[in-house]
Amino acid sequence: MSWAPIQRPGEGVFGHLLRNSRRLLAAAVLASVAHGACSVVMISQISLALYSAGRTPWPFLAAALGTLAFHSAGAVAFVRLSQRVHAEIRRFLFEGAMAAELQSLERTGPARVQAALAEHGARVGDLFLSLPLILTNTVVVAGCLLFMATLSAPTFLAALAFILLGSITYYAAVKRSLKYLDRATQEQDGLFGKFASMTAGATELRLNTCKAQRFRELTYAAIDTVRRSRTRGLSIFAVAGSWGNFLVFGFIALVLYAPGPFAHGRGQVMIGFSLVLIYMITPLQSLLTNIPYIGLARSSASTIDRLLRELRREPPSVASPLRPHPSPHRIELKQVVYRYPSEPAGAGGMGPLDLVLETGEVVFVVGGNGSGKTTLGKVLAGLYAPDAGEVWADGARVHPAERVAYRERFSAVFADYHLFDNLLQTDLSADIRANHLLRRLQLDHKVKAEAGAFSTTQLSQGQRKRLALVAALLEDRPFLIFDEWAADQDPPFKEIFYRELLHELKAHGKGVIVISHDDRYFSCGDRVLFMEDGQLVASRAQRPVGAGSIYQPMDGIRAHKA
Numbered sequence: 405m406s407w408a409p410i411q412r413p414g415e416g417v418f419g420h421l422l423r424n425s426r427r428l429l430a431a432a433v434l435a436s437v438a439h440g441a442c443s444v445v446m447i448s449q450i451s452l453a454l455y456s457a458g459r460t461p462w463p464f465l466a467a468a469l470g471t472l473a474f475h476s477a478g479a480v481a482f483v484r485l486s487q488r489v490h491a492e493i494r495r496f497l498f499e500g501a502m503a504a505e506l507q508s509l510e511r512t513g514p515a516r517v518q519a520a521l522a523e524h525g526a527r528v529g530d531l532f533l534s535l536p537l538i539l540t541n542t543v544v545v546a547g548c549l550l551f552m553a554t555l556s557a558p559t560f561l562a563a564l565a566f567i568l569l570g571s572i573t574y575y576a577a578v579k580r581s582l583k584y585l586d587r588a589t590q591e592q593d594g595l596f597g598k599f600a601s602m603t604a605g606a607t608e609l610r611l612n613t614c615k616a617q618r619f620r621e622l623t624y625a626a627i628d629t630v631r632r633s634r635t636r637g638l639s640i641f642a643v644a645g646s647w648g649n650f651l652v653f654g655f656i657a658l659v660l661y662a663p664g665p666f667a668h669g670r671g672q673v674m675i676g677f678s679l680v681l682i683y684m685i686t687p688l689q690s691l692l693t694n695i696p697y698i699g700l701a702r703s704s705a706s707t708i709d710r711l712l713r714e715l716r717r718e719p720p721s722v723a724s725p726l727r728p729h730p731s732p733h734r735i736e737l738k739q740v741v742y743r744y745p746s747e748p749a750g751a752g753g754m755g756p757l758d759l760v761l762e763t764g765e766v767v768f769v770v771g772g773n774g775s776g777k778t779t780l781g782k783v784l785a786g787l788y789a790p791d792a793g794e795v796w797a798d799g800a801r802v803h804p805a806e807r808v809a810y811r812e813r814f815s816a817v818f819a820d821y822h823l824f825d826n827l828l829q830t831d832l833s834a835d836i837r838a839n840h841l842l843r844r845l846q847l848d849h850k851v852k853a854e855a856g857a858f859s860t861t862q863l864s865q866g867q868r869k870r871l872a873l874v875a876a877l878l879e880d881r882p883f884l885i886f887d888e889w890a891a892d893q894d895p896p897f898k899e900i901f902y903r904e905l906l907h908e909l910k911a912h913g914k915g916v917i918v919i920s921h922d923d924r925y926f927s928c929g930d931r932v933l934f935m936e937d938g939q940l941v942a943s944r945a946q947r948p949v950g951a952g953s954i955y956q957p958m959d960g961i962r963a964h965k966a
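Here is the structure:
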């Protein structure tokens with residue numbers, strides 16, 4: 405199946421959906437209009453046949469067959485349109501988040517992205533599902549009104565007055581009802597958050613009875629709030645529907661019993677008017693119910709568009725292939741400055757600083773909490789774009805359009821790492837190499853690499869970090885960044901990591917940046933960089949662990965490309 409481009413510059417969610425579903429939407433619209441027209445013809449033929457004998461049945465049969473055909477075609481189009489719209493909204497939001505700069509995505513947070521996918525995306529999707537229904541009911545109501553006008557002008561004007569009265573009051577009631585339902589939807593987000601906390605905080609709640617009781621009270625209050633809002637909204641809907649039915653039968657009573665202009669031809673007129681009004685009441689209610697959703701969908705689409713504008717896109721990338729491994733690589737930071745957007749001017753962040761890193765060396769970065777170590781790692785890896793200064797790679801300045809290609813030099817396991825259950829490797833030998841590493845890291849009794857995926861990720865924190873290490877090593881990048889990797893490891897694995905793994909990675913020409921507090925292992929590096937308040941305050945050369953070390957390297961750490 406071919407798809408149109410994900411998003412064009414300046415294109416909002418509505419424009420994107422219309423472009424990618426225009427043919428299917430057009431088919432649904434045409435089928436809906438034709439279905440409505442055939443329905444009006446069919447009800448008019450029934451009305452005429454009731455007080456006019458000898459009429460041919462062919463117009464009615466043709467309209468009935470048209471109603472069947474166009475309703476079926478429209479139903480199929482609705483199903484396809486429903487699935488297409490929801491898939492496209494997910495693709496639209498997913499691509500927007502995937503194309504965003506990392507610091508922009510971190511600043512926005514996952515909650516807003518999830519809310520856009522779950523709540524606002526559903527509202528926009530529901531509008532596209534309702535559009536054909538709105539069109540069908542509009543045609544039906546308009547056609548019924550025109551048919552009533554041909555029966556009796558005075559009676560038609562009276563019916564129009566009743567319909568306008570009912571529409572205005574019904575629309576006002578529906579609008580008020582939707583406010584309650586919308587409030588219930590918003591409050592439900594908080595309720596779902598409490599349900600998530602119920603499992604995520606299960607340990608804490610069971611250790612503190614008072615805290616658990618207070619959590620129960622807050623959760624029950626949220627449940628009752630959602631119940632009250634939904635009850636009010638749905639009750640107003642029900643009363644509004646009853647009011648609409650009352651007005652229809654009130655009009656029928658007016659025509660039946662009121663003297664004056666309605667008396668002429670009352671029998672024939674009433675047959676037609678009663679039949680048409682009873683038939684029209686459901687499409688009219690449906691039309692009035694769905695129209696307010698247009699405003700809600702527009703509001704949700706604006707929310708999605710605003711979110712994607714805040715998710716600042718990375719500059720378009722250009723090809724900038726790396727030199728073949730094992731040629732040495734060199735990274736230089738020249739007066740690089742990075743400032744967090746949430747911090748006041750001149751506060752927080754990192755730099756200005758200068759730094760040179762090369763493959764074939766192990767560099768420790770140390771400092772207190774908040775000193776800028778992780779920020780330095782993310783700037784080095786190209787995940788954060790510097791606010792000032794220049795990044796150079798292999799003797800050439802890295803321009804914004806080259807940042808994506810520049811990042812291909814790095815693999816990393818940061819403190820906030822995410823462990824995918826799938827290796828996301830296209831190399832067919834990845835399973836073999838992954839299982840070798842799992843054996844060396846003593847995980848083979850719990851995890852296997854099969855068909856490009858780990859058999860499980862339900863492990864302890866330290867074991868999960870070892871899995872993340874396996875995934876990073878399989879990428880075979882020139883530079884590796886480890887952010888407090890050993891913090892959750894048992895002493896034996898710390899020894900393996902610092903005294904064996906780092907030495908072997910260096911021997912294979914890798915550049916390794918280790919962010920660590922383990923000062924007893926600083927001798928395993930070539931240099932130690934000290935950071936404080938976002939500045940490199942000192943640099944100390946170390947005596948590296950040489951080839952004659954008593955520690956034997958782990959065989960097979962380097963991933964040989966197929």
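Residue numbers (our numbering): 405 to 966. Ideal placement from N, C-alpha and C gives every residue a C-beta, glycine not left out. This structure is a prediction, so every number in the text was calculated from the model and none was measured.
Say whether the segment 759-767 touches the segment 906-915, bearing in mind that this needs 3 or more beta-carbon pairs closer than 8 Å, one atom from each stretch. yes
Taking the Cβ atom as the reference point for each residue, do A890 and D922 lie within a distance shorter than 8 Å? yes
Whole-angstrom distance between E505 and Y744, CA atom to CA atom: 13 Å
How many angstroms separate the CA atom of V897 from the CA atom of L845? Before going on, a small fix: residue 897 reads as Phe here, not Val. In a straight line, the C-alpha of F897 is about 8 Å away from that of L845.
Using only alpha-carbon positions, find the residue among T573, I572, L549, T860 that is nearest to A562. L549
Can you tell me where the alpha helix (DSSP H) holding K914 begins and where it ends? Element bounds for K914: n/a, residue is neither H nor E.
If we count the other Cβ atoms within 10 Å of its Cβ and call it buried at 16 or more, is C614 buried or exposed? exposed
Excluding the five sequence neighbours on either side, which residues of its own chain have a C-beta within less than 6 Å of the C-beta of T629, listed in chain order? E591
Residue from V802, M552, S703, L878 with nearest C-alpha to L827: L878
Can you give me the C-alpha to C-alpha distance between P790 and G938, rounded to a whole angstrom? 13 Å
Let's see if you can read the secondary structure: which residues bound the beta strand (DSSP E) around D887? 883-887
With the cut-off set at 8 Å, would you say L871 and F858 are in Cβ contact? yes
If you draw a straight line from the C-alpha of G866 to the C-alpha of L847, how long is it? 11 Å
For W796 and F768, the rounded distance between their alpha carbons: 21 Å
A438 and F474 - do their beta-carbons sit closer together than 8 Å? yes
What residues are listed by DSSP as bridge partners for A816? I885
Sort out for me which residues DSSP pairs K738 with in a bridge. E794
Does the distance from the C-beta atom of L909 to that of L933 stay below 8 Å? no
Can you tell me which residues form a DSSP beta bridge with M935? G771, L940
Tell me whether F482 is buried or exposed, calling it buried when 16 or more other Cβ atoms sit within 10 Å of its Cβ. buried
Is the segment 525-538 in contact with the segment 484-503, if contact means three or more CB pairs nearer than 8 Å? yes
For L906 and R837, the rounded distance between their alpha carbons: 18 Å
Which stretch, first to last residue, makes up the alpha helix (DSSP H) that contains E608? 606-611
Minimum C-alpha distance to S864 - residue among Q893, G645, I682: Q893
What first and last residue would you give for the beta strand (DSSP E) that runs through E510? Note, E510: premise wrong, no beta strand (DSSP E); alpha helix (DSSP H) at 506-512.
For G416, which of G771, Y821, A855, R713 has the nearest alpha-carbon? R713
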